[in-house]
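First the structure, in the form of structure tokens, and then the observations on it.
Residue numbers (full-length UniProt numbering): 1 to 230.
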């Protein structure tokens with residue numbers, strides 16, 4: 001089978017998937033774990049909330065263009081800090097996370113990326129809640145697990161302020177950033193008005209094309225010299 005045929009088939013398959021609104025779940029949702037997902041707290045919540053349980057994940061399927069993963073149960077799934085962090089990379093809608101029963105040495109705030117609405121985080125009892133007590137409404141320590149309840153918004157809980165023409169935005173556990181107010185952009189949000197998207201894009205495109213032409217012309221000279229020498 002030719003490369004051209006394979007490429008065409010792949011493009012047709014991709015277009016069909018997009019047209020049908022099919023979105024693939026991340027691999028971490030399809031792990032084979034020791035705990036029966038149907039007997040977990042997440043499964044009961046998912047069923048009661050009219051969400052859909054897919055593998056180890058509770059998914060909100062109301063949006064036709066994307067799947068919002070509300071919760072994930074990874075109890076006794078052989079998780080490590082690296083596997084977990086890499087597995088949920090790109091997921092920013094998690095509210096319920098269950099990690100107890102795994103041999104995890106540590107968990108940092110960056111392992112949870114940009115998830116800003118975590119209501120329940122259950123972790124092995126040897127671990128502390130990422131960000132500490134100031135990042136959660138409450139912390140419950142039990143025999144076999146620690147539960148971090150209610151992720152706080154540091155913009156509100158710590159009364160963070162931002163420079164003029166910008167505002168504080170919650171961007172993860174114990175993380176925040178300052179974004180420009182509407183109609184402001186640029187360095188320290190000092191430029192008023194809409195960002196000149198079209199001129200900027202034209203400028204970038206033109207400079208890229210010019211650079212490509214320059215490199216093509218200069219490199220062709222060396223290619224021709226090599227051919228003559230051979």
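Using N, Cα and C, we set each Cβ at its ideal position, and we do this for glycine too.
What you are looking at is a predicted structure, and each value in this text was computed from that prediction instead of being measured.
Could you tell me the alpha carbon to alpha carbon distance between residue 46 and residue 133, rounded to whole angstroms? Taking the straight line from one Cα to the other gives about 28 Å.
Taking C-beta to C-beta, are residue 146 and residue 127 nearer than 8 Å? Between residue 146 and residue 127, the C-beta gap is smaller than 8 Å, which places the two residues in contact.
Cβ distance (whole Å) where residue 61 is taken to contact residue 52 below 8 Å: About 5 Å; that satisfies the 8 Å criterion.
Closest Cα partner of residue 183 within the set 164, 117 and 176: When the alpha-carbon of residue 183 is set against those of 164, 117 and 176, the nearest one is in 164.
Determine the direct distance from the alpha carbon of residue 112 to that of residue 95, and round the result to whole angstroms. Cα to Cα, the separation comes out at about 11 Å.
Whole-number beta carbon distance between residue 101 and residue 35, since they are thought to touch under 8 Å: Confirmed, Cβ separation roughly 7 Å.
Name the one or two DSSP bridge partners that residue 149 has. Beta-bridge pairing links residue 149 to 120 and 138.
Determine the closest residue to residue 177 out of 59, 191 and 156, with distance taken between C-alpha atoms. Ranking 59, 191 and 156 by CA distance to the CA of residue 177 puts 156 first.
Just the C-alpha distance for residue 232 and residue 212, rounded to the nearest angstrom, thanks. No answer is possible for residue 232: it lies beyond the span of the chain, which begins at 1 and ends at 230.
Selected residue, minimal CA-CA separation from residue 26, among 50, 158 and 89: Comparing Cα-Cα distances from residue 26 to each of 50, 158 and 89, the minimum goes to 89.
Which term fits residue 73, buried or exposed, when burial requires 16 or more other beta carbons within 10 angstroms of its beta carbon? By the neighbour-count criterion, in which a residue is buried when 16 or more other Cβ atoms sit within 10 angstroms of its Cβ, residue 73 is buried.
Nearest CA to the CA of residue 175: which residue from 115, 192 and 144? Of the candidates 115, 192 and 144, 115 places its Cα closest to the Cα of residue 175.
Following the continuous beta strand (DSSP E) through residue 176, name the residue where it begins and the one where it ends. Judged by DSSP secondary structure, residue 176 falls within the beta strand (DSSP E) whose first and last residues are 175 to 180.
Looking at the unbroken beta strand (DSSP E) that takes in residue 69, where does it start and where does it end? Here the beta strand (DSSP E) through residue 69 covers 68 to 73.
Going by CA-CA distance only, name the one from 110, 142, 109 and 135 that's closest to residue 122. Of the listed residues, the one whose Cα sits closest to residue 122 is 142.
Smallest Cα separation from residue 150: which of 140, 119, 180 and 125? For residue 150, the closest of 140, 119, 180 and 125 by C-alpha to C-alpha distance is 119.
Closest Cα partner of residue 85 within the set 202, 179 and 105: From the listed residues 202, 179 and 105, the smallest Cα separation to residue 85 is found for 105.
For residue 108, which three-state DSSP category applies? Of the three classes helix, strand and coil, the one that applies to residue 108 here is coil, per DSSP.
Quickly, what does DSSP pair residue 57 with across the bridge? List them, please. Beta-bridge partners of residue 57 (DSSP): 54 and 72.
Determine the contact status of residue 140 and residue 152, defining contact as a CB-CB distance below 8 Å. Annotated as distal: residue 140 and residue 152, with beta-carbon spacing of 8 Å or more.
Same chain, Cβ closer than 6 Å to residue 33, neighbours up to 5 away in sequence not counted: In the same chain as residue 33, and ignoring 5 residues on each side of it, the C-beta atoms closer than 6 Å to its own belong to 76 and 77, in chain order.
If you follow the alpha helix (DSSP H) that residue 87 is part of, which residue opens it and which one closes it? It spans 81 to 87 - the alpha helix (DSSP H) in which residue 87 sits, taken as one unbroken run.
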